[in-house]
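Have a look at the structure below, then the notes.
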Amino acid sequence: MSEVQTLINAVSQKIHALETAQALYSRQLSPDFNTFDYITTDELGLSRILAALLDPQGSHAQQETFLRLFIEHCLPDMYKAPEWQIFLDNVDKTEVFVEQVTSRSNSLRRMDIYLQCRVGENSYGVCIENKPYAVDQFEQLRDYAEELKKRSHKAWHLIYLNESNEGPSKYSIDMSELEALKKEKQYSHLRFSDLIVWLKACKVECHNHSVSEFITQLIKFIQKQFMGIEDMSEDNAVLDIIKKNAATIDASIKVSNTVDRMKKELIAKLKIDLLAKCKKTDYELDVTYLGEGRRYEQIRFIIPGYDMGWVCFEFDNANFDHPILGIKFISAEEAKSCPYTEKMKTILNTVLADKKVNSSPQWPAYYYFYPQDWKGSSEAWLMIDKGTMADKILEEMDSVFDVLKCLTQ
Numbered sequence: 001m002s003e004v005q006t007l008i009n010a011v012s013q014k015i016h017a018l019e020t021a022q023a024l025y026s027r028q029l030s031p032d033f034n035t036f037d038y039i040t041t042d043e044l045g046l047s048r049i050l051a052a053l054l055d056p057q058g059s060h061a062q063q064e065t066f067l068r069l070f071i072e073h074c075l076p077d078m079y080k081a082p083e084w085q086i087f088l089d090n091v092d093k094t095e096v097f098v099e100q101v102t103s104r105s106n107s108l109r110r111m112d113i114y115l116q117c118r119v120g121e122n123s124y125g126v127c128i129e130n131k132p133y134a135v136d137q138f139e140q141l142r143d144y145a146e147e148l149k150k151r152s153h154k155a156w157h158l159i160y161l162n163e164s165n166e167g168p169s170k171y172s173i174d175m176s177e178l179e180a181l182k183k184e185k186q187y188s189h190l191r192f193s194d195l196i197v198w199l200k201a202c203k204v205e206c207h208n209h210s211v212s213e214f215i216t217q218l219i220k221f222i223q224k225q226f227m228g229i230e231d232m233s234e235d236n237a238v239l240d241i242i243k244k245n246a247a248t249i250d251a252s253i254k255v256s257n258t259v260d261r262m263k264k265e266l267i268a269k270l271k272i273d274l275l276a277k278c279k280k281t282d283y284e285l286d287v288t289y290l291g292e293g294r295r296y297e298q299i300r301f302i303i304p305g306y307d308m309g310w311v312c313f314e315f316d317n318a319n320f321d322h323p324i325l326g327i328k329f330i331s332a333e334e335a336k337s338c339p340y341t342e343k344m345k346t347i348l349n350t351v352l353a354d355k356k357v358n359s360s361p362q363w364p365a366y367y368y369f370y371p372q373d374w375k376g377s378s379e380a381w382l383m384i385d386k387g388t389m390a391d392k393i394l395e396e397m398d399s400v401f402d403v404l405k406c407l408t409q
């Protein structure tokens with residue numbers, strides 16, 4: 001038997017043993033219980049949670065500890081920069097705001113989390129753009145940078161928080177402007193998984209059991225929601241097996257190297273299934289923008305003769321992860337000029353009562369397609385293998401297309 005097969009067998013046996021143990025001791029362990037299943041964890045909800053932890057005057061009563069640890073672990077450029085040292089010495093004076101309006105630049109956007117500290121005649125500002133699920137809005141990050149400039153801070157910093165390896169799109173900020181911010185050390189890209197180290201450090205420094213337990217639950221939520229880790233004990237057990245010796249390490253690398261290829265082959269199968277099962281004649285199914293695993297790859301339902309907007313199934317993250325489904329236009333300007341844009345979200349909300357329909361300048365109506373986690377979970381890939389994913393995508397795209405057709409008739 002090859003080392004690869006031996007490794008796969010060992011991992012399968014270990015996972016089965018853990019599942020058996022969890023079933024036996026579920027009443028004592030409650031492995032599936034998490035406080036965050038009962039808390040609003042949309043974009044605004046997560047912003048409020050993070051802002052509360054970062055606030056030196058927050059009800060956690062740990063004063064500036066969590067904020068100082070955040071800067072130390074997540075913002076090393078700021079932590080070491082001379083221009084930020086006065087701020088760091090007075091970090092306890094920081095005020096934290098949620099949904100702060102960009103009044104200076106007159107763009108009238110809302111900064112998800114805004115930190116401001118005044119020390120004498122000087123002020124310092126940090127804006128956190130929280131993107132757990134939503135797509136980028138037109139020139140959104142550019143407007144936030146402009147707002148921070150116009151607030152005349154002695155030093156300021158812009159943070160883009162999501163779970164993708166990629167930062168903001170050029171739709172949100174021109175890449176040359178982003179590079180300039182990086183060069184001046186005024187920009188950081190953070191992933192939700194990057195917050196784990198900070199949160200663990202907060203637990204170590206925390207003097208209150210209830211707050212510490214809340215942080216533990218937040219860590220578990222991030223691991224499950226953004227990293228695809230349902231159970232750390234399972235993850236750690238697998239890690240122990242693959243690190244056992246040189247042979248298992250070599251075998252695990254070989255397995256890892258084939259996963260991306262396997263996903264691309266399954267995506268190729270999905271495209272074939274979609275084309276074979278699509279029977280509609282009043283739209284064209286376009287799968288040419290799907291297959292490489294780049295961010296924003298998509299499947300389109302195109303109305304013949306109209307190429308400014310379409311029903312779209314799109315991966316918001318690279319490597320075929322976090323899909324969204326809805327009505328997308330080629331630009332925010334085209335969406336604005338369409339006479340039906342304002343009605344799209346309302347009608348889609350009514351038709352799809354079980355979905356939470358959102359909107360953005362380029363997407364008048366969209367929702368998060370289930371399953372969401374294509375990176376860490378096998379559910380979506382097993383559905384493709386069985387041939388059921390194509391049915392689900394076509395059925396849901398049909399429903400959205402019917403809304404679009406109803407509006408335009």
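Using full-length UniProt numbering, the letters of the sequence shown map in sequence onto residues 1 to 409.
Beta carbons are placed, not taken as given, at the ideal position from N, Cα and C, and that holds for glycine.
Neighbour-count burial assignment, residue i, 16 or more Cβ in a 10 Å radius
i	result
Y38	exposed
E205	exposed
E284	exposed
Q28	Because the pLDDT of Q28 is 48, which lies under 50, any placement of that residue in the model is unreliable, and the question is left without a value.
A180	exposed
Q225	buried
G167	buried
H207	exposed
A353	exposed
P132	buried
D307	exposed
M397	buried
D282	exposed
Sub-8 Å separation of residue i and residue j beta-carbons
i	j	result
Y366	G309	no
S105	E146	yes
F87	Y124	yes
I393	L274	yes
D321	W374	yes
K401	V311	Note on residue identity: the sequence assigns Phe, not Lys, to residue 401. Yes. Within cutoff.
K405	Q362	no
L46	N130	yes
A318	R300	no
L218	L190	no
A332	T341	no
I222	L195	yes
S172	R142	yes
D92	E64	yes
Q62	V211	yes
D77	S188	yes
T102	C117	no
L270	A81	no
F337	Q137	The residue asked about is misnamed: residue 337 is Ser in this sequence, not Phe. Cβ distance not < 8 Å, so S337 and Q137 don't count as in contact.
Residue i (DSSP reduced to helix, strand or coil)
i	result
D286	strand
residue 435	Since the displayed the chain opens at 1 and closes at 409, residue 435 lies outside it and no answer follows.
Q28	Any answer about Q28 is weak, because its pLDDT of 48 lies below 50 and its placement is not dependable; what the coordinates show is given next. Here Q28 sits in helix by DSSP.
E121	coil
Y114	strand
N90	coil
W198	helix
L148	helix
L108	coil
I215	helix
G326	strand
W84	helix
E163	coil
V400	helix
E129	strand
E99	strand
Y38	helix
Y366	strand
Y187	strand
N349	helix
N358	strand
Y340	coil
Own chain, CB closer than 7 Å to residue i, minus 5 neighbours either side, in chain order
i	result
M227	S193 and G376
Q186	W156, H157 and L158
A201	L69 and H73
A51	V96, V98 and I113
S378	none
W198	L69, F70, H73 and C74
N358	A134, Y366 and Y367
K355	Y367
L148	G125, C127, W156 and L158
Beta-bridge pairing of residue i - partner residues as DSSP gives them
i	result
D321	N317
R300	D286 and C312
A155	Y124
Chain-order list of residues whose beta-carbon lies under 6 Å from that of residue i (same chain, five-residue window excluded)
i	result
Q100	M111 and Y114
V351	V403
Residue i Cβ short of 7 Å to the ligand NAD heavy atom set
i	result
I173	Only the bare structure without any ligand can be found here, which leaves the ligand NAD out of the picture.
8 Å Cβ shell around residue i - same chain, five flanking residues per side excluded
i	result
E297	Y289, L290, G291, E314, F315 and F320
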